[in-house]
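The numbers in the UniProt record's numbering rise by one with no breaks, and the one at position 32 of the sequence shown is 32.
Where a beta carbon is used, it is the ideal one built from N, C-alpha and C, also for glycine.
Data first, discussion second: the structure below is written as structure tokens.
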Amino acid sequence: MANFDDSYDPELGAACNRLAAFVEPLPAGGLIDPASGLTEADLALILRRLYATRHAEAPGTPPAAPRPVSRASVPITARE
Numbered sequence: 001m002a003n004f005d006d007s008y009d010p011e012l013g014a015a016c017n018r019l020a021a022f023v024e025p026l027p028a029g030g031l032i033d034p035a036s037g038l039t040e041a042d043l044a045l046i047l048r049r050l051y052a053t054r055h056a057e058a059p060g061t062p063p064a065a066p067r068p069v070s071r072a073s074v075p076i077t078a079r080e
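Here it is as structure tokens:
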């Protein structure tokens, strides 16, 4: 599971960690909200993009290119 503890914004990092914990056990491609069409893939994409920008100094800083992930869900980080 992704770890957002090193985000520039601790509140956003904590919220992302909670969202990652929610998304991780979802079946790949699962539908979250039929009314909006929100899927597990949408949430995973949002988390991947946020993960790529977690070191940005300020909002609006161009994001780093996201790393390719082998799973269609939440990005996996190296564990120490």
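Quick one: what does DSSP say L31 is sitting in, helix, strand or coil? Position 31 of the sequence shown, counted from the start, is the residue given in the question as residue 31. Here L31 sits in strand by DSSP.
Buried versus exposed call for L50 [16 or more other C-beta atoms within 10 Å across all chains shown]: Counting from one through the sequence shown, the residue named residue 50 turns up at place 50. Counting Cβ neighbours within 10 Å, L50 comes out buried, since at least 16 surround it.
Would you check if there are 3 or more beta carbon pairs closer than 8 Å linking the region 32-42 to the region 7-21? no
DSSP-derived helix/strand/coil call for L47: Counted from its first residue, the sequence shown places residue 47 at position 47. Residue state, collapsed to three classes: helix.
Along the alpha helix (DSSP H) that carries A56, what are the first and last residues, could you check? Stepping through the sequence shown from its first residue, residue 56 is reached at position 56. A56 -> no alpha helix (DSSP H), and no H or E assigned at all.
What separation, rounded to the nearest whole angstrom, lies between the Cα atoms of R54 and P27? As a working note, residue 54 is residue 54 in the sequence shown. As a working note, residue 27 is residue 27 in the sequence shown. Using only the alpha carbons, I get a separation of about 25 Å.
Strand pairing of L38, partner residues [DSSP]: For the purposes of this step, residue 38 is taken as the residue at position 38 of the sequence shown. Paired residues: D33.
Determine the direct distance from the alpha carbon of G29 to that of A15, and round the result to whole angstroms. By 1-based counting over the sequence shown, the position of residue 15 is 15. By 1-based counting over the sequence shown, the position of residue 29 is 29. For A15 and G29, the distance between alpha carbons rounds to 22 Å.
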